[in-house]
Structures are given as C-alpha cells and as structure tokens.
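Residue numbers for the sequence shown follow this note's numbering, beginning at 293 and rising by one.
Working notes, structure below.
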Amino acid sequence: MADASEPSVAARDDLAGVVDLFGWLTRGELSEALSELAFKRRAEVDEAAIDAAIDLAVAEYALVPAPEDALSGGDEGGGTEAAADGSALAVGPAAFPTLPEGAEDLPHILDVPDRSVDREALADAVLGRLREEAVEAIGDGDADRLETLADVTYDVEAWAPVDVGPVRTRIVAELDGDD
C-alpha cells in the first residue's frame, strides 16, 4: 500500500490531464498551473509536494521528458531549451489523463502558446529511456524498479507502435532469475 504522503495515481493522472490540455508543458509551467489550481481552490501551495508529484509521475511514466524533435509550438524553434534541460513534459504511456476541477480555465490563465507533440518521436524517446532504465535497474539489482518497468512495457505497447518485447523479455528474465 502506498504511503499516505505520496501522490496518488489520481494525482498523477490529473497532472497528465493538465499537460494534455496544452500538448506539452515545461516543468515550471506545470508547477505554475498546479499553483493556479490551488489558488482557485483557496488552498496552500506546497511547492515540495508539487515537485514530488511531478517526479513520481515522471518515474512512473505518466509524464515523460519530451525530446526537441517531438515538440512543436512554444517559443521560436519549439521547445529547444525545455527539451535540452529535460523540463519539457508530455503525457506518457502510463497515464489516464483526467482534468482536475477548475483546469478548464488554465488556458485562459497561463500564457502558453498552441503546442503539439509528435507521438512517433516521443515513443522512440520513451523506448530509449525504458531500455536505459532497464539496464540500470538490472545492474543495480533493483527488483522493485524492474517490476515497475515490466508494467510500463505493457503500457508502452498499448500507447505507441513500438516493439518493447525484447526489453520486457530481459526484464522478466531478470526478475525470474534466468540469466
């Protein structure tokens, strides 16, 4: 059971819903959007909780860092700086985006231009990240992370036309102790 202080799956899906509303957002823009929602609800803004929720959403592939070639819109040249520093976030394969209450007003509140994401380029980046994280988790002997990544392989397959079979096979073999 998850620690009560950890963001919930619903919270991660709400984050994905806010990002989906714009196509993609920088980490700072997402944080600002969440602060605006808290303000509308007359709630305290807990920057540490927002950062933790975003970190968890990225770790669990509800949100994924988007490479420059997957981004359009935004500043001149798309999301070059945001992609370079890893702060450009798009909806990932493990998300079921939902809009939190009041989020429909965010496009009128935030000064964010029209944006879109090239799903094929994003899927390639996600597959590359998944491979790297699987190798790292195998090297570290991190069974918990491998379990999460195994689940993500199914999400990725349903989300994009990429072949994650070899990655999943290696993860499962490691979890089963088949070297």
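All C-beta atoms in this analysis are idealised placements derived from N, C-alpha and C, irrespective of residue type, glycine included.
Nearest-angstrom beta carbon gap, residue j and residue i [assumed within contact, 8 angstroms]
{"i": "residue 304", "j": "residue 352", "result": "7 angstroms"}
{"i": "residue 381", "j": "residue 311", "result": "6 angstroms"}
{"i": "residue 307", "j": "residue 355", "result": "6 angstroms"}
{"i": "residue 321", "j": "residue 402", "result": "7 angstroms"}
{"i": "residue 417", "j": "residue 349", "result": "Not a contact, Cβ separation roughly 16 angstroms."}
{"i": "residue 442", "j": "residue 415", "result": "In fact, because the Cβ distance is near 18 angstroms, the residues do not count as touching under 8 angstroms."}
Residue range of the beta strand (DSSP E) that includes residue i
{"i": "residue 407", "result": "407-409"}
{"i": "residue 380", "result": "380-383"}
{"i": "residue 357", "result": "355-357"}
{"i": "residue 365", "result": "363-365"}
Buried versus exposed call for residue i [16 or more other C-beta atoms within 10 Å across all chains shown]
{"i": "residue 465", "result": "exposed"}
{"i": "residue 450", "result": "exposed"}
{"i": "residue 458", "result": "exposed"}
{"i": "residue 384", "result": "buried"}
{"i": "residue 439", "result": "exposed"}
{"i": "residue 445", "result": "buried"}
{"i": "residue 333", "result": "exposed"}
{"i": "residue 325", "result": "buried"}
{"i": "residue 462", "result": "buried"}
Continuous alpha helix (DSSP H) stretch holding residue i: start and end
{"i": "residue 440", "result": "435-451"}
Cβ pair residue i, residue j closer than 8 angstroms
{"i": "residue 448", "j": "residue 467", "result": "no"}
{"i": "residue 319", "j": "residue 379", "result": "yes"}
{"i": "residue 361", "j": "residue 435", "result": "no"}
Across the region 417-427 and the region 391-409, are there enough close Cβ pairs to call them in contact, namely three or more that are closer than 8 angstroms?
no
Segment contact flag, the region 339-348 with the region 383-392, C-beta cutoff 8 angstroms, min 3 pairs
no
The region 303-319 / the region 396-412 touching (three or more Cβ pairs under 8 angstroms):
yes
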